[in-house]
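Structure, as structure tokens:
Numbering (the numbering used here), first residue to last: 130 to 648.
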């Protein structure tokens, strides 16, 4: 995944790091909680999912508060007040040209958002408060609990030991990432100072002054902030709407992320996305064991079961390290989805090495296409295609489809033509290519093909015409009133159908076919 660009707004002599995602009609500012790091956060799949969805209907503006993440460090013994922090928020809005925005305040970001809405009502479109509170000692930690939390920071900051106190339902991978997130978001000294500063928060007297539409979301068994804190916010802010959701995890990007975003999207846009409609372009990796019965017969049931369990656990960790999400697991097959093809191929190579270390052989297949996500389960034709490719792969071989090799240029990966596969539902046979190492490059075989524009839809022909005119994806999206993602998908499908490696090669067909504009 390509990270959004990090830029800096200036408030006096302090620089505040920010990012912008999406191009929706609504400006939405995400106000973070205790700590944050704009770039490290994207390493967690849940956070990436949250921001991507919010950016699908809004222009999402994110920032690191001064003293945390990528923003300027400050004296840990003299941290800024809430008033200074809301001035930083205003500076970020000014830097991105946002005159009026909705605020999404998560956890400790809630009181800051409340104070901004009360101080700058003309610049606040709406208020969304998630897992938040008005008074720290009433709904987060009492004074003894605060001292215990501070001792925990002093003894184990950066180890991930505090993860269960915030997200008890997350796994060991999350705990390890949480330790890195802590280290790169604030120093131990700064974290202690932040905790003590947050303990002084009390915006109860400000709540009656809020005059903007407000949504309060809180999980029933939130491990960090008592649900009574959310109910109090909704009771004291005039006409606020309260939504209680199941779960124990406190971070907004863990647990039922889609459920949270559905509520926010409906509140800000008036439209709730259909629960069964979420199509995304993804790269699918399927790895399968080759001739597992031979080794199973040699080892016996108990040793074979232990070997397979070790392989599955290793593969799970490797997929997580490459920011993949599981799709399914069979007796001798594992599949996952990724945001980009290069990441999927590198993951396949890493899983292959792990299998070799366990004296296992596997074949892998990689394909890119649209899939549908429903209740975090992925389905779609692209998954079946990846399974067919994996079935064709020999022992220790990684096969990719032609569309993957075309999309993966520039990542220092090399391919050799292997074969073509006729797949029901596809107009033309699918090119299969093997991933080659630098030491074992093979010349790419030349195959005689006569690609025809008749395979393209009317929209794909329209896109191809603009590609031939030299327009970028962004320019095409603007011309046709489409999203960048939709144009990218049309280009990928176009290359797949024409069996061509690049946009330039596809555009060159115009000279050999009848004029596109007349089709």
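No residue lacks a Cβ here, since even glycine has one placed at the ideal position from N, Cα and C.
Taking 8 Å as the threshold (C-beta atoms), are residue 413 and residue 474 in contact?
no
Report the three-state DSSP secondary structure of residue 601 (helix, strand or coil).
coil
I'd like to confirm something about residue 204: is its beta-carbon nearer than 7 Å to some heavy atom of the ligand SAH, or not?
Ligands in the displayed structure: none, and consequently the ligand SAH is not present.
In the DSSP assignment, find the unbroken alpha helix (DSSP H) run with residue 181 in it and report its ends.
174-183
Simplified DSSP state of residue 572, which is helix, strand or coil
Because the pLDDT at residue 572 is just 36, under 50, the model does not fix this residue reliably, and the point stays unresolved.
Can you give me the Cβ contacts of residue 384 inside the same chain, cut-off strictly under 6 Å, excluding the 5 residues immediately before and after it?
376 and 378
Given residue 428, which residues of its chain have a CB within under 7 Å of its CB, disregarding the five upstream and five downstream residues?
436
How many Å lie between residue 557 and residue 399 at the Cα?
43 Å
Buried versus exposed call for residue 422 [16 or more other C-beta atoms within 10 Å across all chains shown]:
exposed
Going by DSSP in three states, residue 567 sits in which element: helix, strand or coil?
Model confidence at residue 567 stands at a pLDDT of 46, short of 50, so the residue's coordinates are unreliable and nothing is read from them.
Ranges of the alpha helix (DSSP H) found wholly within the region 339-417, counting only runs of at least 4
356-365 and 386-398
Just checking my contact of residue 479 with residue 497 at CB under 8 Å: how many whole Å lie between their CB atoms?
Between residue 497 and residue 479 the Cβ distance is about 19 Å, and since that is not below 8 Å, they are no contact.
Let's test the definition: count the other Cβ atoms within 10 Å of the Cβ of residue 486 and tell me whether it reaches 16, buried, or not, exposed.
exposed
Going by the beta-carbon positions, is the gap between residue 278 and residue 327 smaller than 8 Å?
no
Compare the C-alpha of residue 491 against each of 611, 440 and 588 and name the closest.
440
Three-state secondary structure (DSSP) at residue 455?
strand
Can you find the residues in the same chain that come closer than 8 Å, C-beta to C-beta, to residue 372, ignoring five residues on each side of it along the sequence?
344, 345, 346, 347 and 392
Which two residues bound the contiguous alpha helix (DSSP H) that contains residue 446?
430-450
Which residues mark the beginning and the end of the alpha helix (DSSP H) in which residue 318 is found?
317-328
Measure from the alpha carbon of residue 463 to the alpha carbon of each residue in 450, 493 and 471, then state which is nearest.
493
Is DSSP giving residue 186 helix, strand or coil here?
coil
Check the DSSP bridge columns for residue 192 and list the partner residues they point to.
147
Could you tell me whether the region 306-316 touches the region 158-174, using the rule of 3 or more Cβ pairs below 8 Å?
yes
Close-in-space but distant-in-sequence residues of the same chain around residue 477 (CB under 6 Å, 5 per side omitted):
414, 493 and 527
Residue range of the beta strand (DSSP E) that includes residue 136
136-140
Residues near residue 522 by beta carbon distance below 7 Å, same chain, minus five either side
492, 493, 494 and 528
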